[in-house]
Amino acid sequence: MMEAGDDQMTAQKKWHIANTIYGIVWIYSLIHNIRLGNANGIFMTGVAAVTPCLIPFLFHCMHWQPVYEIYLINTIFIFFASLGSPLGGYSVPGFDKALHFVSGFLVLTIAMILFYGIRGTDRLEDDRTKILFYVFINACNMAGGLIWEYYEFMMLVLFNNDAINHYTTGVYDSITDMMCSTAAGLVLTFLIIKRKKLAGFFLHTAEQFYQTNIQKADR
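Residues 1 to 219 in our numbering are what the sequence shown lists, from first letter to last.
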């Protein structure tokens with residue numbers, strides 16, 4: 001069985017590979033949009049240079065020990081979410097909904113960490129605790145989807161930036177975005193209950209962060 005340190009080394013190597021791929025595609029995006037004279041594409045490519053650094057920067061500011069599974073997930077998600085804009089990904093049918101679906105997995109993982117931190121343990125001792133755990137993480141996931149739609153609405157109100165697609169779809173885009181993230185949370189919860197391998201990855205990531213950065217800090 002691999003030790004926690006071995007897991008982190010493997011995740012770190014995968015993170016470096018993901019960053020290399022990200023950098024290559026980023027350079028392509030910059031050259032592509034310069035050739036097209038696409039000012040918005042160039043700007044969004046510039047934004048995409050910053051977004052993958054936000055999570056590592058947060059860890060640095062909070063003096064948290066790196067959890068490379070989180071870094072890896074962040075890079076992969078931002079690859080599609082940020083570089084998808086200057087490379088026309090959001091014009092592909094279903095691309096945006098797929099991202100919102102995947103975001104449900106990510107927010108649910110954050111909710112697990114929050115649950116462990118509030119209780120001061122990553123153990124689910126009995127059935128009542130497990131039920132509370134399932135309700136809590138899904139409530140947080142639904143709240144996360146709602147807060148994001150609030151953000152997009154404020155972008156519309158303050159800057160007339162229609163990321164929420166208000167003028168073309170009304171509430172349809174917002175509701176379906178929240179439904180996608182909620183559905184992902186329910187799917188992952190089901191996989192956790194059934195102890196499937198995919199669920200184990202997200203559980204392990206949450207437990208790794210708790211044990212490394214919360215549990216040790218409390219000792």
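Note that beta-carbon positions come from the ideal geometry of N, C-alpha and C, so glycine has one too.
Predicted model, so just to flag it, every value in this text is computed and none were measured.
Quick check on the DSSP output: what are the complete alpha helix (DSSP H) runs of length 4 or more inside the segment 23–62, in order along the chain? Taking only runs of at least 4 residues, the alpha helix (DSSP H) segments lying wholly in the segment 23–62 are 39–50, 54–61.
Where Asp162 sits in the DSSP three-state scheme: Within the sequence shown, the letter at position 162 stands for residue 162. In this structure, Asp162 counts as coil in the three-state DSSP scheme.
Nearest residue (CA-CA) to Met112, options Ile137, Gln12, Ala184, Tyr22: Within the sequence shown, numbered from 1, the residue matching residue 112 stands at position 112. Comparing Cα positions, the closest option is Ile137.
Return the CA-CA distance between Trp64 and Ser103, expressed in angstroms with no decimal places. Your numbering for residue 64 matches position 64 in the sequence shown. Your numbering for residue 103 matches position 103 in the sequence shown. So the alpha carbons of these two residues sit roughly 23 angstroms apart.
Under 8 angstroms Cβ to Cβ from Thr189, same chain only, skipping five residues before and after it: list those, please. As a position in the sequence shown, residue 189 is number 189, starting the count at 1. In its chain, beyond the 5 residues on either side, Leu108, Tyr134, Ile137, Asn138 have a beta carbon closer than 8 angstroms to the beta carbon of Thr189.
Could you name the residues of the same chain whose beta carbon sits closer than 7 angstroms to that of Glu152, not counting the 5 residues immediately before and after it, in chain order? Residue mapping note: residue 152 aligns to position 152 of the sequence shown, counting from 1. Answer for Glu152: Ala163, Ile164, listed in chain order.
Determine the contact status of Ile70 and Thr169, defining contact as a CB-CB distance below 8 angstroms. Residue mapping note: residue 70 aligns to position 70 of the sequence shown, counting from 1. Residue mapping note: residue 169 aligns to position 169 of the sequence shown, counting from 1. Contact flag unset, no.
Starting from the Cα of Ala183, find the closest Cα among Ala39, Ile214, Leu106, Thr10 and give me that residue. Residue 183 sits at position 183 when you count from the first residue of the sequence shown. When only C-alpha atoms are compared, the closest one is Leu106.
Just to confirm before moving on: does the CB-CB distance between Phe77 and Cys180 stay below 8 angstroms? Translated into the one-based positions of the sequence shown, residue 77 becomes position 77. Translated into the one-based positions of the sequence shown, residue 180 becomes position 180. No.
Buried or exposed for Glu149, please, with buried defined as at least 16 other CB atoms from any protein chain shown within 10 angstroms of its CB. Taking the first residue of the sequence shown as 1, we reach residue 149 at position 149. Result: buried.
Hey, which unbroken runs of the alpha helix (DSSP H) at 4 residues or more fall wholly within the segment 117–169? 127–159, 166–169
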